[in-house]
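Engineer: Got a structure for you, questions after.
Residue numbers (the working numbering): 6 to 389.
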């Protein structure tokens, strides 16, 4: 099957074809968005790029979802009269209202542009960003992210409006559209600090959303009820669950006195959530009545943790060295294997789950300066 990649690029005449051919693209000074496709053998197929030429913010694609011959990209952009149609024929102009605005673009898997939706507020010093994308049980396209400001209109249609205001530094959102790009609804939540949804995925009996939050008495119930949570330190990680109709169900949180974040989500063979991220200090990864204490080896350690459909803790694995490690992405196979990727800065890191119940042989690796990427494969039981 094909592989699709999105992100940002910088520079003049950047060759986006890693093979013998060339596919030269030029970004503005702050970077533009790209969407690339590669074949099953890694052969370059195409690249699409777009972005604005004004503003002081980086632009980036953050997540991709493929459904049959449809492909969806979310992220954030800045500037006025930005053409979201990367093809030489046709245009689709959008303006960001403030620092950065969030977007959702639809393509065919052959790279043909279909449509784009954008939304955001007017604050010029902060941004509105799409971070994660998924289908839900009702056939909607869900986008998770963060926003900042007063009376931010989440409905991209110029005729309608759905205004939301963040409580503090930034709030999290979950917005959903149908496959034609029509806006169907939005949930927002947060407190007086920094709150952000980083990933969304369809799981058992609905959708899961993961991210981080800070502050006391943050209300995670975006509906008329309340579900107050307080972070133990600078930031805590959260996992939320919505049913197939996107009605709020529950939130579980974990973290210690430092900064603890969730960056990505996947589901296992039971459609239970697996969350990855980073933590510092001492953290109890069991958000329930039990306890699963993990101790950071340095400044920041990486982790993955799994929970069941009701948010009950199942297991966690952590690793790190003297400096900074963090998990940034996770994927699972049909046979339940768990693949985690991220970055490592420490001179030496023990990656093997050597404790109970695994007791695998030691497997320590050395970084070569700065941050090195890692990819780890686990069995369904958390061992190698």
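We put the beta carbon where it would ideally sit given N, CA and C, even for glycine.
1. Using only alpha-carbon positions, find the residue among 376, 244, 260, 290 that is nearest to residue 315.
2. Helix, strand or coil for residue 21, going by three-state DSSP, please let me know.
3. Near residue 378, what residues of its chain come up, given a Cβ to Cβ distance below 8 Å and the 5 sequence neighbours on each side ignored?
4. Scan the stretch 190 to 260 and note each continuous beta strand (DSSP E) run of 3 residues or more that stays entirely inside, going in chain order.
5. Compare the C-alpha of residue 100 against each of 29, 94, 89 and name the closest.
6. What's the call for residue 382, buried or exposed, on a 16-neighbour Cβ count within 10 Å?
7. Among all the DSSP beta bridges, which residues are the ones paired with residue 264?
8. Out of 106, 140, 146, 120, which one is the CA nearest neighbour of residue 130?
9. Secondary structure at residue 102, three-state DSSP: helix, strand or coil?
10. Compute the distance between the beta-carbons of residue 211 and residue 177, then report whether it is under 8 Å.
11. Hey, which unbroken runs of the beta strand (DSSP E) at 3 residues or more fall wholly within the stretch 7 to 87?
12. Report yes or no: do three or more beta-carbon pairs, one from the stretch 41 to 55 and one from the stretch 21 to 31, lie closer than 8 Å?
13. Closest by CA to residue 357, which one among 325, 372, 334, 37?
14. Do you know how far the Cα of residue 342 is from the Cα of residue 275?
15. Grab the span of the beta strand (DSSP E) containing residue 176 for me, first residue to last.
16. What are the boundary residues of the beta strand (DSSP E) that includes residue 276?
17. Report the CB separation of residue 154 from residue 171 in whole angstroms; it is logged as a contact under 8 Å.
18. Locate the beta strand (DSSP E) running through residue 309, then write down its first and last residues.
19. Hey, how far is the Cα of residue 28 from the Cα of residue 69?
20. Which residues bound the beta strand (DSSP E) around residue 389?
21. Would residue 227 pass as a contact of residue 199 if the rule is Cβ separation under 8 Å?
22. Using the C-alpha atoms, what's the distance from residue 114 back to residue 340?
23. Since residue 335 is in the beta strand (DSSP E), which residue starts that stretch and which ends it?
24. Are there 16 or more other CB atoms within 10 angstroms of the CB of residue 277, so buried, or fewer, so exposed?
25. Would you kindly work out how many angstroms separate the C-alpha atoms of residue 337 and residue 279, rounded to a whole number?
26. Note down the Cα distance separating residue 30 from residue 328, rounded to an integer number of angstroms.
27. Hey, could you find the ends of the beta strand (DSSP E) residue 344 is sitting in?
28. Please list, in chain order, all residues of the same chain as residue 140 whose beta carbon is under 6 Å from its beta carbon, the five residues on each side excluded.
29. Counting pairs of beta carbons, one from the stretch 300 to 311 and one from the stretch 361 to 376, are three or more of them closer than 8 Å?
30. May I ask you to verify whether the stretch 184 to 196 touches the stretch 281 to 298, counting CB pairs closer than 8 Å and requiring at least 3?
31. My output table needs one value for residue 286: the three-state DSSP class, helix, strand or coil.
Structural biologist: Well, looking at it:
1. In terms of Cα proximity to residue 315, the closest of 376, 244, 260, 290 is 244.
2. DSSP places residue 21 in the coil class of the three-state scheme, outside both helix and strand.
3. 346, 347, 348, 349
4. If only complete runs of 3 or more residues are kept, the stretch 190 to 260 shows the beta strand (DSSP E) at 201 to 208, 211 to 218, 241 to 247, 253 to 259, in order along the chain.
5. 89
6. exposed
7. Its beta-bridge partners are 240.
8. Residue 130 has its Cα closest to that of 106, out of 106, 140, 146, 120.
9. In the structure shown, residue 102 adopts coil according to DSSP, grouped into three states.
10. Not closer than 8 Å, so no.
11. 8 to 14, 37 to 43, 49 to 55, 65 to 72, 75 to 82
12. yes
13. Out of 325, 372, 334, 37, 325 has the C-alpha closest to the C-alpha of residue 357.
14. 12 Å
15. Residue 176 -> beta strand (DSSP E) spans 176 to 182.
16. Unbroken run through residue 276: none, as it is neither H nor E.
17. With 8 Å as the limit, residue 154 and residue 171 qualify as a contact, their Cβ atoms being about 6 Å apart.
18. For residue 309, the enclosing beta strand (DSSP E) stretches over residues 306 to 312.
19. 21 Å
20. From DSSP, residue 389 is part of no beta strand (DSSP E); its letter is neither H nor E.
21. no
22. 26 Å
23. 330 to 337
24. buried
25. 9 Å
26. Looking at the two C-alpha atoms, the distance is approximately 36 Å.
27. 343 to 349
28. 207
29. no
30. no
31. coil
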